[in-house]
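Residue numbers (the working numbering): 3 to 273. Quick reminder that beta carbons are idealized off the backbone N, C-alpha and C, glycines included. Bear in mind the structure is a predicted one, so any value in this text is a computation, not a measurement.
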């Protein structure tokens, strides 16, 4: 039976003169990983050992995150994703499945977490996950086929290389265009105005577009004289006296006619 003294977690530094680099830079921590995997989850010493192991491997996670950090993502966020991958790998460590020392197990796990993070956070627009995953293979296949064919491959050739449908490849190619957003302030080609200046503004008249179409139909259905009076007044900008002189009635009669016409149109539109 293991005694409390044996369960005590002690920090064991790396061997004198050793450095935390190279494929065997962390081999001295393998016994700790194995002991953590064998410990009961309720063992009071397990938490301290786990924290110690994670701290020892943090430089590894930090170095891996720097390889994937780009201007599009915060370096701190990428490092946090790498640290999360490290914690998951430490918790899932299986001594019997691990080969190639601790790094043979931890590095792929951390790298996988980084790739998932970049896949889910590096796109300017929301893209389905299956298209994101296909786009990764698409880039690799395009590079291989370009070297093999000596030209840019066609979508059908990429689909054959990936053993998928051409339609899926075309959709993934379109999705790749949303990987980076275009700045609204960047000048357009050939000295054109920036995109932000060429995008249309909100058209307040859109809300009344259907009403204008219906009003046009109602006006066309009016008697000829009523329609003429309405057009002269509101489209010809004539005064009531000028309209009266043109159609041969009094100005007062024109006023009464306009009131009746407008009331009729208002009533029909409200209905």
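Under the Cβ criterion (8 Å, minimum of three pairs), the stretch 25 to 37 does not count as touching the stretch 80 to 87.
Residue environment analysis places residue 169 among the exposed positions, since fewer than 16 neighbouring C-beta atoms fall within 10 angstroms of its C-beta. Runs of the beta strand (DSSP E) lying entirely within the stretch 184 to 266 and spanning at least 3 residues: none are present. For residue 103, the closest alpha carbon among the candidates 69, 162, 27, 64 is that of 27. Around residue 221, the same chain offers 229, 232 as residues with beta carbons nearer than 7 Å, after the five sequence neighbours per side are excluded. Following the DSSP letters along the chain, one finds residue 157 inside the alpha helix (DSSP H) bounded by residues 157 to 164.
Between the stretch 112 to 121 and the stretch 146 to 162, the count of C-beta pairs closer than 8 Å stays below three; the two stretches do not touch.
Taken atom to atom, the span from the alpha-carbon of residue 41 to that of residue 93 is near 11 Å.
Note on geometry: alpha-carbon atoms of residue 206 and residue 215 lie some 16 Å from one another. Remark: C-beta atoms of residue 39 and residue 97 approach each other more closely than 8 Å.
In this structure, the straight-line span from the alpha carbon of residue 58 to that of residue 51 is close to 11 Å. With fewer than 16 other beta carbons inside 10 angstroms of its own, residue 69 counts as exposed. Apart from the 5 residues on each side of it in sequence, residue 172 sits with its Cβ closer than 8 Å to the Cβ of 157 in its chain, given in chain order. Residue 67 counts as buried, since no fewer than 16 other beta carbons sit within 10 angstroms of its beta carbon.
Scanning 250, 267, 142, 251 for the CA closest to the CA of residue 223 turns up 267. With a beta-carbon spacing of about 21 Å, residue 47 and residue 88 fall beyond the 8 Å limit used to define contacts. Pairing residue 227 with residue 234 gives a Cβ-Cβ distance that is not under 8 Å. For residue 70, the uninterrupted alpha helix (DSSP H) run begins and ends at 48 to 70, by DSSP. Rounded to the nearest angstrom, the Cβ distance from residue 164 to residue 139 is 5 Å, consistent with a contact under 8 Å.
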